[in-house]
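Numbered per this note's numbering, the sequence shown spans residues 1 to 87. Every residue, glycine too, gets a C-beta built ideally from N, C-alpha and C. Notes for the one structure printed next.
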Amino acid sequence: MLTVIHTFDGPDLDRLLGQVRTGIRTCENVDGFKFASVNQQQDTSEIMLFSKWEDRRAFENWAGTVGENNAFKSSTPQIFEVIEEKY
């Protein structure tokens, strides 16, 4: 299992959120996608996308579909292997 975190920041929050939402809509069609959560840091315009994937291949398959989406082109994902989870 893989956790991927993208962070986004820009002067136009509405445009940025639109680009992030457009990007994550494509996740639903990728095998190995588990879930995604879009979050905004309080008192800033920073957005975080937290997503879970079955494995790195699944994430990379999705990342290849994002293409020219400006928000994702400007963000370097942090990729973590899940050691343990509790719900």
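- Judged by DSSP secondary structure, lysine 34 falls within the beta strand (DSSP E) whose first and last residues are 33-40.
- At a Cβ-Cβ threshold of 8 Å, threonine 7 and glutamate 68 do not count as neighbours.
- Just so you know, the alpha carbons of glutamine 19 and alanine 71 end up roughly 6 Å apart.
- Taking all protein chains in view, the Cβ of phenylalanine 59 is crowded by 16 or more other Cβ atoms within 10 Å, so the residue is classified as buried.
- Aspartate 55 and isoleucine 79 have their C-alpha atoms some 11 Å from each other.
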